[in-house]
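Colleague:
Residue numbers (the UniProt record's numbering): 1 to 273.
#1: Where residue 75 and residue 232 are concerned, what is the direct C-alpha to C-alpha distance, given to the nearest angstrom?
#2: Exposed or buried, residue 108, counting other C-beta atoms within 10 Å across all chains shown (16 or more means buried)?
#3: Which residue marks the beginning of the alpha helix (DSSP H) containing residue 74, and which one marks its end?
#4: Buried or exposed, going by whether 16 or more other CB atoms sit within 10 Å of the CB of residue 147?
#5: Does the distance from the CB of residue 26 to the CB of residue 100 come in under 9 angstroms?
#6: Could you check how far apart the C-beta atoms of residue 150 and residue 186 are, in whole angstroms? I think they sit under 8 angstroms.
#7: Quick check on the burial criterion: 16 or more other C-beta atoms within 10 angstroms. Buried or exposed for residue 216?
#8: If you draw a straight line from the alpha carbon of residue 142 to that of residue 34, how long is it in whole angstroms?
#9: Roughly how many angstroms lie between the CA atoms of residue 70 and residue 54, to the nearest whole one?
#10: Please return the same chain residues whose Cβ sits closer than 6 angstroms to the Cβ of residue 267, not counting the five positions on each side in sequence.
#11: Restricting to Cα atoms, I'd like to know which of 28, 241, 20 is closest to residue 103.
#12: Less than 8 angstroms between the CB of residue 193 and some heavy atom of the ligand ADP, yes or no?
#13: Relative to the C-alpha of residue 118, which candidate in 20, 181, 73, 154 has its C-alpha closest?
#14: Restricting to Cα atoms, I'd like to know which of 31, 63, 82 is closest to residue 56.
#15: I want to know whether the segment 158 to 170 touches the segment 122 to 138 - three or more CB-CB distances under 8 angstroms.
#16: Could you name each continuous beta strand (DSSP E) segment of 3 residues or more that falls completely within the UniProt domain "RNA polymerase Rpb1" (4 to 161), going from the start of the chain to the end?
#17: Report all residues from its chain with a CB closer than 7 angstroms to the CB of residue 46; omit the five preceding and five following residues, and keep chain order.
#18: Have a look at 22, 94, 24, 65 and flag the residue whose alpha-carbon is nearest the alpha-carbon of residue 32.
#19: Looking at residue 60: is its Cβ nearer than 9 angstroms to the Cβ of residue 86?
#20: Can you tell which of 67, 77, 204 has the C-alpha that lies nearest to the C-alpha of residue 224?
#21: If you measure between the beta carbons of residue 153 and residue 183, is that distance less than 9 angstroms?
#22: Under three-state DSSP, which class holds residue 214?
#23: What separation, rounded to the nearest whole angstrom, lies between the Cα atoms of residue 88 and residue 126?
#24: Excluding the 5 residues preceding and the 5 following residue 236 in the sequence, name in chain order all residues of the same chain whose CB lies nearer than 8 angstroms to its CB.
#25: Within this structure, are the beta carbons of residue 106 and residue 37 separated by less than 9 angstroms?
#26: Please confirm whether residue 120 and residue 136 have their CB atoms less than 9 angstroms apart.
#27: Hey, residue 189 and residue 113: beta-carbon distance below 9 angstroms or not?
#28: So, with DSSP's three-state summary, where would you put residue 174?
#29: Alpha carbon to alpha carbon, how far is residue 91 from residue 80?
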């Protein structure tokens with residue numbers, strides 16, 4: 001969607017950029033609002049001596065895995081709930097920003113992505129700047145295409161390793177075809193810096209930051225770059241693997257000759273044209 005605004009811009013957009021950077025790097029905010037992990041009824045007790053609020057959420061269903069959850073919130077943070085309120089899963093309990101990891105764990109990937117998009121847009125909207133959602137959606141999608149390995153199974157993956165969803169799926173397909181145990185992992189949202197470094201292409205990762213570290217690690221591991229992305233192909237001057245039908249046919253026909261630095265038969269190319 002495209003958002004349009006009118007009015008007077010009072011302050012400069014650069015004042016909101018630290019918040020955008022905080023979101024894109026998925027840093028923990030200074031003032032975090034806790035969110036409910038279970039659905040139930042809230043009990044709020046104010047402790048005037050310690051200047052805190054003691055909040056207890058009691059599950060309404062006896063079959064719930066977690067029957068009770070407790071929070072301690074300083075009085076400096078204004079509460080968004082009242083004593084006796086019915087709370088749903090993922091409800092913010094006080095003023096403040098939400099932690100992306102908490103949203104991802106409690107409400108799932110989709111909710112975390114929507115929160116990121118809305119918060120980034122809020123910064124630009126406050127300055128009267130209209131930017132189409134699709135530009136931020138591309139960035140957020142790349143931030144959330146990584147998996148942290150929890151159990152490597154019989155694959156070549158390592159526990160706690162950060163891999164792309166594509167590699168995770170391919171490794172599991174290999175072992176499942178042999179009747180072996182697949183790996184398990186959890187989806188993660190990485191900041192743009194970490195996401196760029198943990199890409200499958202070491203050429204792409206080295207071109208961003210920590211070049212020496214990335215190249216040294218790739219050399220030690222003996223990694224092979226299969227040149228599947230845009231950036232690595234641009235770096236070495238090859239055709240980029242875009243989805244255009246014309247380019248796809250051309251790339252599929254001449255990829256092997258181009259990779260081996262063999263000259264293309266121009267006469268044959270002209271005949272087909």
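Backbone N, C-alpha and C define an ideal beta-carbon position, used for all residues, glycine too.
Modeller: Answer, in terms of the structure:
#1: 52 angstroms
#2: exposed
#3: No alpha helix (DSSP H) contains residue 74, which is instead part of the beta strand (DSSP E) from 68 to 74.
#4: buried
#5: yes
#6: Yes, residue 150 and residue 186 are in contact; Cβ-Cβ is about 6 angstroms, under 8 angstroms.
#7: So residue 216 counts as exposed.
#8: 27 angstroms
#9: 7 angstroms
#10: Since pLDDT at residue 267 reaches only 45, below the 50 mark, its modelled position is unreliable, and the value read off the structure follows with that caveat. Excluding positions up to five away in sequence, the list is empty.
#11: 28
#12: This structure simply doesn't include the ligand ADP, nor any ligand for that matter.
#13: It is 20 whose Cα lies nearest to the Cα of residue 118.
#14: 82
#15: By the Cβ rule, the segment 158 to 170 does not count as touching the segment 122 to 138, because fewer than three pairs are nearer than 8 angstroms.
#16: 40 to 47, 52 to 59, 68 to 74, 146 to 151
#17: Answer for residue 46: 53, listed in chain order.
#18: Comparing alpha-carbon positions, the option among 22, 94, 24, 65 lying closest to residue 32 turns out to be 94.
#19: Cβ atoms of residue 60 and residue 86: closer than 9 angstroms.
#20: 204
#21: yes
#22: helix
#23: 29 angstroms
#24: 203, 227
#25: With contacts defined by Cβ atoms closer than 9 angstroms, residue 106 and residue 37 form a contacting pair.
#26: yes
#27: yes
#28: Here residue 174 sits in helix by DSSP.
#29: 9 angstroms
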